[in-house]
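Here my numbering is used: position 252 in the sequence shown is 382, and no number is missing along the way. We put the CB at the ideal spot given by N, CA and C, even for glycine. Given the structure is predicted, the values throughout are model-derived calculations rather than measurements. Single-structure report; data block below.
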Amino acid sequence: MTAHGGGGMRAVITTLRVLEAVAELQPVGVSAIARATGIPKTSVHRCLVTLREAEWLTASRGDRTQWVLTGRALSVGIHASGELGLREAALPTMRELRDETHETIHLSSYGADHDLVVIDRMDSDEPVRTWVHLGARVPLHASCSGRAILARLPDREVERLLSGELERFSETTPTDLPAVLADLRRVREVGYATNDCAWRPGVGAVGTALVDPRGRPVGALAVSVPVQRYDAERARRLGPLAAEAARRISASLPPS
Numbered sequence: 131m132t133a134h135g136g137g138g139m140r141a142v143i144t145t146l147r148v149l150e151a152v153a154e155l156q157p158v159g160v161s162a163i164a165r166a167t168g169i170p171k172t173s174v175h176r177c178l179v180t181l182r183e184a185e186w187l188t189a190s191r192g193d194r195t196q197w198v199l200t201g202r203a204l205s206v207g208i209h210a211s212g213e214l215g216l217r218e219a220a221l222p223t224m225r226e227l228r229d230e231t232h233e234t235i236h237l238s239s240y241g242a243d244h245d246l247v248v249i250d251r252m253d254s255d256e257p258v259r260t261w262v263h264l265g266a267r268v269p270l271h272a273s274c275s276g277r278a279i280l281a282r283l284p285d286r287e288v289e290r291l292l293s294g295e296l297e298r299f300s301e302t303t304p305t306d307l308p309a310v311l312a313d314l315r316r317v318r319e320v321g322y323a324t325n326d327c328a329w330r331p332g333v334g335a336v337g338t339a340l341v342d343p344r345g346r347p348v349g350a351l352a353v354s355v356p357v358q359r360y361d362a363e364r365a366r367r368l369g370p371l372a373a374e375a376a377r378r379i380s381a382s383l384p385p386s
């Protein structure tokens, strides 16, 4: 390999590392990317400009110094991971659920790597709404989507998945395994999980699992609500709606 070729390969690898950092941390600025990757700021900025020109990244609408993935980058990820079928099956029902509840609907995928990742969102038409960026990794123990997934698994598998220290995101986050297992028994009874600011401050939600024809969880559907419009009574109204939507989506999924 020539010196020029070697430098070109290093530049490609550096650019891909920056892309991965944005996907993990978005919305994120140059300094945070440099700290996370060890890449000098000048090189990070050069990579960001290249990725913007290629339409893989764009500046955040809320802060132009922050960077986020574009739909092009997300589309490649969805195709590569086999999530396209789940998204196509879910979108019509997600739209119906959004129109019925007037709240934001999040679709997450759950795969063999046990990561729960947001792959699509149907935004609320309310002026005050919740928002999670596409590609966000969702904690299994702290989110209603995650606990809806866990409720579809045997306790032994849940114990293995949650064997490490459970991260605390707020005062309401369940951080010990017995508390999570107790909540999963309730989720199995009612058919949906609830979340009262346990993952994200100021956000309540209800979540239900999407399952393949064998009954294994492949994703989750969540109705996400600003805390101003969320309480136990609202959760009891939204939960069955989300559960019925998840049932319809699951019934339309092809065998894996």
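Rounded to whole angstroms, the gap between the alpha carbons of W261 and E226 is 18 Å.
In this structure, A362 keeps its C-beta atom at 9 Å or more from the C-beta atom of A323.
Apart from sequence neighbours up to five positions away, the residues of its chain that approach T303 with a beta-carbon distance below 8 Å are H271, A272, L296, E297, A328 and W329, ordered along the chain. Checking the DSSP bridge columns, you'll see A352 partnered with H236 and G337. As the crow flies, the alpha-carbon of D193 is around 17 Å from that of L264.
Annotation for A164: the continuous alpha helix (DSSP H) segment containing it runs V160 to T167. If you draw a straight line from the Cα of S161 to the Cα of K171, it is about 7 Å long. Here A373 carries a helix assignment [DSSP, helix/strand/coil].
Inter-segment contact for the segment 349-365 and the segment 238-247 is present: three or more beta-carbon pairs are separated by less than 8 Å.
Remark: C-beta atoms of V198 and L181 do not approach each other more closely than 9 Å.
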